[in-house]
Amino acid sequence: MTRLIFLGAAGSGKTTQAHLLSEILKMPAISSGEMLRSAIGFGLELGDEVRRYVESGELVPDELMISLLRTILTHPNFERCWAIEGYPRTAFQAEELDFLLEELNQPLDLAIYLKVSEDILMQRSLARGDYDDTTELIHKRLQLFQERTTPILDYYEHKQKLVTIDGSLDPASITAQIQQKLAG
Numbered sequence: 001m002t003r004l005i006f007l008g009a010a011g012s013g014k015t016t017q018a019h020l021l022s023e024i025l026k027m028p029a030i031s032s033g034e035m036l037r038s039a040i041g042f043g044l045e046l047g048d049e050v051r052r053y054v055e056s057g058e059l060v061p062d063e064l065m066i067s068l069l070r071t072i073l074t075h076p077n078f079e080r081c082w083a084i085e086g087y088p089r090t091a092f093q094a095e096e097l098d099f100l101l102e103e104l105n106q107p108l109d110l111a112i113y114l115k116v117s118e119d120i121l122m123q124r125s126l127a128r129g130d131y132d133d134t135t136e137l138i139h140k141r142l143q144l145f146q147e148r149t150t151p152i153l154d155y156y157e158h159k160q161k162l163v164t165i166d167g168s169l170d171p172a173s174i175t176a177q178i179q180q181k182l183a184g
C-alpha cells in the first residue's frame, strides 16, 4: 500500500511524477483540478456546489474539498493506494487531510516535495506558452506558493513524512529517486 502527496510549484513536475508513479505502481493518481472537474462532470453529489465556486472563480472552501476527498478516498479504487497532486495547498488543509486519513485508516506514506529553483520554474512556465503567463505573473505565483508551502513542508517534516527531491532533474531520474525513497 502506497499513499503519496506531491507538492511543488507550477512547473515542478509534480503532475508528471504523480502520473508516472501511478503507472509504475499501479495506483490511481488524481489532481485537485481533476477532483473538481470529476465532481462537476460526473454528477457527484457535491458537484453543483463545486460548480458554483469554480464558475465564479472563487477558491473551493476547505470543508468542501475535504468532503470531496472523502468521497474519492472511500471509493474502492482508492482504498488501498493513491497519489494526490496539488493538494493540500495550506497547512490547515494538510491537518484536515491527516484527520480524514486517520478516520479512513489510510495513513500517508510520503509527502514528496519537488524542489526547483525559481529560474527553472520561470523557464518551464514560460515554455508552456499559457496565454496569460508573464514573467511578473509567474513571479507573483511563485511568491504566493512559497508563502503557503513553507508551513506545509514544516508540517510534514515534523511528522517525518517529507521527502525533498531535486525537481530540476529529468523525469526518469526524479522517478528513480522517488522509488528509492519508497523502497527504504
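Residue numbers (UniProt numbering): 1 to 184. Even glycine gets a Cβ: it sits at the ideal position worked out from N, Cα and C.
- Here Phe-92 is exposed, its C-beta having fewer than 16 other C-beta atoms within 10 Å.
- Annotation for Glu-85: Phe-6, Lys-14, Thr-15, Ala-18, Ala-29, Ser-31 place their beta carbon closer than 7 angstroms to its own, counting only its chain and skipping 5 residues before and after.
- Unbroken alpha helix (DSSP H) stretches of 4 residues or longer found wholly inside the region 89-150: 91-103, 118-128, given in chain order.
- Around the CB of Ser-173, fewer than 16 other CB atoms lie within 10 Å, so the residue is classed as exposed.
- Between the alpha carbons of Ala-39 and Cys-81 lies a distance of about 20 angstroms.
- Check the Cα spacing between Gln-177 and each of Leu-114, Gly-129, Met-122, Glu-136: the tightest is with Leu-114.
- With fewer than 16 other CB atoms across the displayed protein chains lying within 10 angstroms of its CB, Ala-183 is exposed.
- Going by beta carbons, Arg-3 and Gln-106 fall inside the 7 angstroms limit.
- Excluding five sequence positions before and after Gly-47, the CB atoms of its chain that fall closer than 6 angstroms to its own CB belong to Ala-39, Ile-40, given in chain order.
- Looking at the backbone, the Cα of Gln-143 and that of Ala-10 are separated by about 12 angstroms.
- Taking a cut-off of 8 angstroms on C-beta distances, the region 115-128 does not touch the region 67-79, as fewer than three cross pairs fall below it.
- Within the same chain, Cβ atoms closer than 7 angstroms to the Cβ of Gly-167 are found at Gly-8, Ser-12, Gly-13, Leu-114, Lys-115, Val-116, Ile-174, the five residues on either side in sequence being excluded.
- Under DSSP, Arg-3 shares a beta bridge with Trp-82.
- Secondary structure in the region 6-73: the beta strand (DSSP E) runs of 3 residues or longer, each lying completely within the stretch, are 29-31 in chain order.
- When the five nearest sequence neighbours on each side are left out, the beta carbons in the same chain lying within less than 7 angstroms of the beta carbon of Asp-109 are those of Thr-2, Arg-3, Leu-4, in order along the chain.
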